[in-house]
Amino acid sequence: MDVLILGSASASGSRERDNTYLLLQHEEGNWMIDVGGNPLGKLKQAEIPLQSIQGVILTHFHIDHIFGLPSLLWGMWLGKRKEPLIICCPQDHKDQLGDILRAYRTDEWPIGFEIKVQPFDCAEPGTLFVQGDMTVSVFTSLHSGSTSGIRVACGDKVLVYSADTAPSEWIRSQPRIDVLIHEATQARGDMSIHTSLEGILTFYPVDRIPQVIAIHLTDDEPYEEVLAQYKKTGTPGVLLAHDMMRVSL
């Protein structure tokens with residue numbers, strides 16, 4: 086299984102990055118985590134057919150994480166999709182998702198395929214679905230409003246995506262993480278509903294995690310300075326995400 090980072094910017098946007106969203110690539114079908122800008126273009130760049138997208142997991146409903154959804158649906162309609170599309174979303178935002186679909190009048194295109202909404206409870210860890218050897222689960226993220234991080238187990242490997250969050254004791258307490266993709270909205274300092282790169286390096290046992298990738302990055306933040314500073318103390322290197330970066334699990 087691979088993870089393709091389609092976008093890696095924070096909510097404030099970027100000169101070179103799309104807002105943060107990911108693609109889980111699995112032999113039995115692909116899943117998008119959130120939908121930032123230009124999903125159709127990014128999928129074309131990666132030569133991934135729209136028909137391979139089984140569903141979308143929305144971690145929360147801040148605009149930078151959902152605004153590409155109408156474009157994705159429109160592209161699927163143009164591509165004459167017939168297979169159902171699953172959209173997993175926080176239970177608290179099920180009605181809002183319905184409002185968005187009605188506002189874009191998907192029933193008048195007509196969209197041509199069934200949208201299956203699968204709500205989940207952000208307050209409780211739980212399994213979303215099992216697909217072959219891949220199990221996708223959610224856990225509570227420490228952000229404003231209902232927000233969930235994503236845990237993916239594939240074979241004996243584990244990937245954790247923090248979504249937007251303050252430093253998380255749940256993540257820190259996990260017995261095994263092979264890949265941690267964690268937001269770093271700033272380079273330094275404490276944040277109430279986000280995490281800085283410095284926070285990742287000081288809060289989590291990064292020496293025990295084989296791959297740590299900082300995402301949700303903000304332009305002009307001194308991330309490289311922070312990485313250089315902590316490398317001097319013996320802390321293993323942490324990678325900065327970039328659009329179209331591929332991570333293997």
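Residue numbers (this note's numbering): 86 to 334. We put the beta carbon where it would ideally sit given N, CA and C, even for glycine.
- For the 8 Å CB-CB criterion, residue 93 and residue 327 form a contact.
- Pairwise C-beta distances place the segment 123-138 out of contact with the segment 231-239, as fewer than three of them are shorter than 8 Å.
- Per DSSP, the continuous alpha helix (DSSP H) segment holding residue 287 begins and ends at 282-288.
- Sixteen is the threshold: since fewer than 16 other Cβ atoms of the shown chains lie within 10 Å of the Cβ of residue 212, the residue is exposed.
- A buried status is given to residue 299, since no fewer than 16 other beta-carbon atoms sit within 10 Å of its beta-carbon.
- Going by beta carbons, residue 119 and residue 143 fall inside the 8 Å limit.
- Judged by DSSP secondary structure, residue 116 falls within the beta strand (DSSP E) whose first and last residues are 115-118.
- One alpha carbon belongs to residue 155, the other to residue 316, and they sit about 42 Å apart.
- In terms of CA proximity to residue 231, 145 leads the group 196, 145, 106 and 124.
- Sixteen is the threshold: since fewer than 16 other Cβ atoms of the shown chains lie within 10 Å of the Cβ of residue 167, the residue is exposed.
- Around the beta carbon of residue 103, 16 or more other beta carbons sit within 10 angstroms, so the residue counts as buried.
- Rounded to whole angstroms, the separation of the alpha carbons of residue 262 and residue 121 is 26 Å.
- Residue 153: not part of any alpha helix (DSSP H); DSSP gives it neither H nor E.
- When DSSP assignments are scanned along the segment 208-280, the uninterrupted stretches of alpha helix (DSSP H) that are 4 or more residues long and fall wholly within it turn out to be 254-257.
- In the three-state reduction of the DSSP assignment, residue 293 falls in the helix class.
- With a cutoff of 8 Å on beta-carbon distance, residue 188 and residue 147 are scored as not near each other.
- With distances taken between CA atoms, residue 248 lies nearest to 149 out of 149, 180 and 190.
- Here residue 226 is buried: its Cβ has 16 or more other Cβ atoms, across all protein chains shown, within 10 Å.
- Contact between residue 325 and residue 297 does not hold, since their C-beta atoms are separated by about 10 Å, which reaches or exceeds 8 Å.
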